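**Q**
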Amino acid sequence: MARPNGRHRISRSTKIATAGVGLALAVGAIVVINTAGSPTSARADAADPSFFVDITKVKANVKKPKEQNGASTGTFTVDCGENQNGHFNPDNFIAQPNVKNGAQHLHDYVGNLSTNADSNNKSLLAAGTTCKNGDQSAYFWPVIRIDREDNNGEKQADKAKKDAQQNQGKSNKDKQNRKNDTGNGTNNGDNADQNTGDNAADQNDQAGAGQNKKDKQANADQQGQKNQQNNKNAQQNQDDKADQNAKNQDGQGKNDNQGGKAAQDDNKNNNDQNQQDKNNNKNDKNDNAGQNNGGQAQELPGVNDKNEVAGNDGEIVEPAKAELTFRGSPTGNVVAMPKFLKVLYGDAKVNLNGPKNARDSWTCAGFEDKVLMNKYPICPNGAAVKRIHAFPSCWDGKNTDSANHRDHIVFADDNGNCKKGFKAVPQLVVTLTYNIPQDVQEKGQYKVDSFPEEEHDPFSDHDDFANVMSNQIMGRVVDCINNGKTCKE
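Residue numbers (this note's numbering): 658 to 1146.
#1: For Val719, tell me which candidate among Arg1016, Asp1058, Lys1145 has the shortest Cα-Cα distance.
#2: Select from Val966, Asn726, Lys1032 the residue whose C-alpha is nearest the C-alpha of Ile707.
#3: Return the CA-CA distance between Val992 and Pro1083, expressed in angstroms with no decimal places.
#4: Is Lys1043 buried or exposed, if buried means 16 or more other CB atoms sit within 10 Å of its CB?
#5: Run the CB neighbour count on Pro976, radius 10 Å, all protein chains shown included, and call it buried at 16 or more, exposed below.
#6: Rounded to whole angstroms, what is the Cα-Cα separation between Asp1106 and Asn1008?
#7: Let me confirm a value: Ser1059 is counted as buried when at least 16 other C-beta atoms fall within 10 Å, else exposed. Which label applies?
#8: For the structure I just gave you, are there three or more beta carbon pairs, one from the region 957 to 976 and one from the region 1067 to 1081, closer than 8 Å?
#9: So, are the CB atoms of Asp765 and Asn790 less than 8 Å apart?
#10: Please say whether Ala1022 and Thr1090 have beta carbons closer to each other than 8 Å?
#11: For Asp711, which residues does DSSP report across the bridge?
#12: Considering only residues of the same chain and omitting the five flanking positions on each side of Asn809, which have a CB-CB separation below 7 Å?
#13: So what's Ser729 in DSSP terms, helix, strand or just coil?
#14: Can you tell me the Cα-Cα spacing of Trp1052 and Val1086, whole angstroms?
#15: Assuming Gly985 contacts Ser794 (C-beta within less than 8 Å), just tell me the rounded distance between them.
#16: With DSSP as the reference, label Leu781 as helix, strand or coil.
#17: Could you give the DSSP three-state label for Asn742: helix, strand or coil?
#18: Note down, in chain order, each residue of its chain lying with its Cβ closer than 7 Å to the Cβ of His1062, except the 5 sequence neighbours on either side.
#19: Are Gly968 and Asp748 touching if we call contact CB-CB under 8 Å?
#20: Mark Ala864 as exposed unless 16 or more other C-beta atoms lie within 10 angstroms of its C-beta, in which case mark it buried.
#21: Just confirm the distance between the C-beta atoms of Ile712 and Cys1137, as a whole number of angstroms; I'd bet it's less than 8 Å.
#22: Counting Cβ pairs, one atom from each stretch, are 3 or more of them under 8 Å apart for the region 766 to 785 and the region 1120 to 1131?
#23: Taking the alpha carbon of Lys1145 as the point to measure from, which residue in Asn726, Asp736, Ala717 has its own alpha carbon closest?
#24: For Gly1101 and Phe709, which I take to be in contact (beta-carbon distance under 8 Å), what is that distance rounded to the nearest angstrom?
#25: To the nearest angstrom, report how far apart Lys1104 and Asn726 are at their CA atoms.
#26: Nearest-angstrom Cα distance between Ala774 and Leu781?
#27: Drop a sphere of 10 angstroms on the beta-carbon of Asp1118, count the other beta-carbons inside from all chains shown, and report buried for 16 or more, exposed for fewer.
#28: Would you mind sorting Glu637 into buried or exposed? The rule is 16 or more other CB atoms within 10 Å of its CB.
#29: Please say whether Thr1143 and Gly731 have beta carbons closer to each other than 8 Å?
#30: Can you name, in chain order, every residue of its own chain whose Cβ lies under 7 Å from the Cβ of Val715, other than the five neighbours on each side?
#31: Specify the secondary structure class of Gly968 as computed by DSSP and reduced to three states.
#32: When you compare only the Cα positions, how much space is there between Ser1127 and Thr982?
#33: Name the one or two DSSP bridge partners that Ser986 has.
#34: Three-state secondary structure (DSSP) at Lys830?
#35: What beta strand (DSSP E) runs, 3 residues minimum, are completely inside the region 995 to 1037?
#36: Do Val1134 and Phe733 have their C-beta atoms closer together than 8 Å?
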């Protein structure tokens, strides 16, 4: 899928931050880092219009493999809610273990209550769950957001920022007029009150300028100290070399050996010094970043108080329904999943990795058995938008995970057969239903959270699952599926 080019993304939280004049003065360095350009160059964070398609104009493309004799036709559905408790974070303990904000987009979670970047088998097993039957498995997917624009196509946050800039300009103009009035002897009580606010603003300006001057001076002092130290080290190395050469003049063989060793030492010292210089430069950059960010080194952008992540803003739309159903194989019985089996659906970085692991996930209510596509659907008559995530279900029979998190469990072929050496396990199908207003669909104002470089591409939709079911629950799942039952817990 082609990616839109030339787009520059800035989160709404950043835009709002730039609108506050006083705040911008206090944290001006942060604003510069986050905006990476003039605030007026910020663009809306909407999905590209080409990503939206009228589903009624798409040909039917859903094909199901024909069931063979002995097919396992039952289903087992577990009720884990729709994330009513607001369990969100931008982590992914499967693909990015122990990395805070490693996903760079927000996930909805149901099931295990403890799921975050630091989750492991032990912590998952010790945690509670939202699932009514006690299933402690972790189920999570990127959120969907609605991001409305006004009639002029301008974000509300951008509009607020522009209003703030206009008000500031007006304030500056009034300030100049008041100064002129004072020079003409027309100052009055109202001007005196206003000048109090102006003086405070001037003090903020001076404080900001003073702080920048102090930061520059501090950096210059640090660099001067490092240069002095480097010169001292260089002189010491030169003195050591002279001393060593003088000692080595007593014996030619010894001199040769010692000279060779001295040369090696000199090279090592020079290499070490060069590496130290590189480290110092790197530390300088980190130190400066830390000073610009309140004295702490910068990290991947986290979630703000509105559950927005850099490049992913807007109002979160929780699914009206989240169905977690396990189904069987069209070619035979299934075997139990091992505890702690980790399974991925789709590819969050499809534009980087290519379409091999990406899946068509999007449809509308009433079209589930007809159309699945890699575009955002515009549904007829305000019908619900749906995401259907059918996970791989052919397990290698040995591993609960693999280096790429995929090789240990793969998809069946078009006829439903697992490749040699793999066994069919219950296939998880996550169906998410969203009530998105018709006008929002038609205007292309909804989007899935994504890595910044994916720019809300619907083909980057994905899902994650870690099995933490007890043996008893998994036993019921297998029994239900293999015996053709319809079970719900």
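For every residue, glycine included, the Cβ atom is placed at its ideal position computed from N, Cα and C. Computed from a prediction, not measured in an experiment: that's the story for all the values here.
**A** Let's see:
#1: Looking up residue 719 in the sequence shown gives position 62. Out of Arg1016, Asp1058, Lys1145, Arg1016 has the C-alpha closest to the C-alpha of Val719.
#2: To locate residue 707, count along the sequence shown from 1; it is residue 50. According to the sequence as given, residue 707 is Ser; it is not Ile. Taking each of Val966, Asn726, Lys1032 in turn and checking the Cα distance to Ser707, the smallest one comes out for Lys1032.
#3: The residue you call residue 992 lines up with position 335 of the sequence shown. The residue you call residue 1083 lines up with position 426 of the sequence shown. Rounded to the nearest angstrom, the gap between the Cα atoms of Val992 and Pro1083 is 7 Å.
#4: Against the sequence shown, residue 1043 aligns to sequence position 386. That one is buried.
#5: To locate residue 976, count along the sequence shown from 1; it is residue 319. By the neighbour-count definition (other C-beta atoms within 10 Å, threshold 16), Pro976 is a buried residue.
#6: For this step, residue 1106 is matched to residue 449 along the sequence shown. For this step, residue 1008 is matched to residue 351 along the sequence shown. Using only the alpha carbons, I get a separation of about 15 Å.
#7: Along the sequence shown, one-based indexing puts residue 1059 at 402. Residue burial is scored here from C-beta neighbours: Ser1059 has fewer than 16 other C-beta atoms within 10 angstroms and is therefore classed as exposed.
#8: Contact fails: fewer than three Cβ-Cβ distances are below 8 Å.
#9: Sequence index remark: in the sequence shown, residue 765 carries index 108 (1-based). Sequence index remark: in the sequence shown, residue 790 carries index 133 (1-based). The Cβ atoms of Asp765 and Asn790 lie no closer than 8 Å to each other.
#10: As a position in the sequence shown, residue 1090 is number 433, starting the count at 1. As a position in the sequence shown, residue 1022 is number 365, starting the count at 1. Taking the C-beta atoms as reference points, Ala1022 is found nearer than 8 Å to Thr1090.
#11: Stepping through the sequence shown from its first residue, residue 711 is reached at position 54. The partner list for Asp711 (beta bridge, DSSP) reads Ile1035.
#12: Here residue 809 corresponds to residue number 152 of the sequence shown, with the count starting at 1. Caution is warranted here: a pLDDT of 39 is assigned to Asn809, below 50, making its placement in the model unreliable, and no coordinate value can be reported.
#13: Taking the first residue of the sequence shown as position 1, residue 729 is located at position 72. Note: Ser729 maps to coil in three-state DSSP.
#14: Here residue 1052 refers to the residue found at position 395 of the sequence shown. Here residue 1086 refers to the residue found at position 429 of the sequence shown. Using only the alpha carbons, I get a separation of about 16 Å.
#15: Walking along the sequence shown from the start, residue 985 turns up at place 328. Walking along the sequence shown from the start, residue 794 turns up at place 137. Contact between Gly985 and Ser794 does not hold, since the beta-carbon distance rounds to 18 Å and is not under 8 Å.
#16: Position 124 of the sequence shown, counted from the start, is the residue given in the question as residue 781. Three-state DSSP puts Leu781 in a helix.
#17: Walking along the sequence shown from the start, residue 742 turns up at place 85. Looking at Asn742 - three-state DSSP - the assignment turns out to be coil, as it is neither helix nor strand.
#18: Counted from its first residue, the sequence shown places residue 1062 at position 405. Here the set comprises Ile751, Ala752, Lys999, Leu1001.
#19: Locating residue 968 in the sequence shown gives position 311, where the first residue counts as 1. Locating residue 748 in the sequence shown gives position 91, where the first residue counts as 1. Against a cut-off of 8 Å, the Cβ pair of Asp748 and Gly968 comes out as no contact.
#20: Residue 864 sits at position 207 when you count from the first residue of the sequence shown. Residue confidence for Ala864 is low, a pLDDT of 42 falling below 50, so the modelled location carries little weight; the figure read from the coordinates is stated next. By the Cβ-count criterion, Ala864 is exposed, with fewer than 16 other Cβ atoms from all chains shown falling within 10 Å of its own Cβ.
#21: As a working note, residue 712 is residue 55 in the sequence shown. As a working note, residue 1137 is residue 480 in the sequence shown. The pair is not a contact, with the Cβ atoms about 33 Å apart (cut-off 8 Å).
#22: Judged by Cβ distances under 8 Å, the region 766 to 785 makes contact with the region 1120 to 1131, as three or more pairs qualify.
#23: On the sequence shown, position 488 is the one that residue 1145 refers to. Just measuring C-alpha positions, the residue of Asn726, Asp736, Ala717 sitting nearest Lys1145 is Asp736.
#24: Locating residue 1101 in the sequence shown gives position 444, where the first residue counts as 1. Locating residue 709 in the sequence shown gives position 52, where the first residue counts as 1. With a Cβ gap of about 4 Å, Gly1101 and Phe709 count as contacting.
#25: For the purposes of this step, residue 1104 is taken as the residue at position 447 of the sequence shown. For the purposes of this step, residue 726 is taken as the residue at position 69 of the sequence shown. When the Cα atoms are used, Lys1104 and Asn726 turn out to be separated by approximately 42 Å.
#26: Numbered from its first residue, the sequence shown carries residue 774 at position 117. Numbered from its first residue, the sequence shown carries residue 781 at position 124. Approximately 12 Å, taken between the alpha carbons.
#27: Counting from 1 along the sequence shown, the entry for residue 1118 is found at position 461. Around the beta carbon of Asp1118, 16 or more other beta carbons lie within 10 angstroms, which makes this residue buried.
#28: Residue 637 is absent from the model: the chain starts at 658 and stops at 1146.
#29: Taking the sequence shown and counting its residues from 1, one reaches residue 731 at position 74. Taking the sequence shown and counting its residues from 1, one reaches residue 1143 at position 486. Yes, Cβ-Cβ distance for Gly731 and Thr1143 is below 8 Å.
#30: Against the sequence shown, residue 715 aligns to sequence position 58. Cβ within range, chain order: Val1028, Met1030.
#31: Here the question's residue 968 lines up with position 311 in the sequence shown. Note: Gly968 maps to coil in three-state DSSP.
#32: By 1-based counting over the sequence shown, the position of residue 1127 is 470. By 1-based counting over the sequence shown, the position of residue 982 is 325. So the two alpha carbons sit approximately 17 Å from each other.
#33: Mapped onto the sequence shown, residue 986 falls at position 329. Ser986 is bridged to Gly989.
#34: Counting from one through the sequence shown, the residue named residue 830 turns up at place 173. Because Lys830 sits at a pLDDT of 49, beneath the cut-off of 50, its placement in the model cannot be relied upon, and the point is left open.
#35: Qualifying beta strand (DSSP E) stretches, in chain order: 999 to 1003, 1019 to 1021, 1033 to 1035.
#36: Translated into the one-based positions of the sequence shown, residue 1134 becomes position 477. Translated into the one-based positions of the sequence shown, residue 733 becomes position 76. Yes, the pair counts as a contact, with Cβ atoms nearer than the cut-off.
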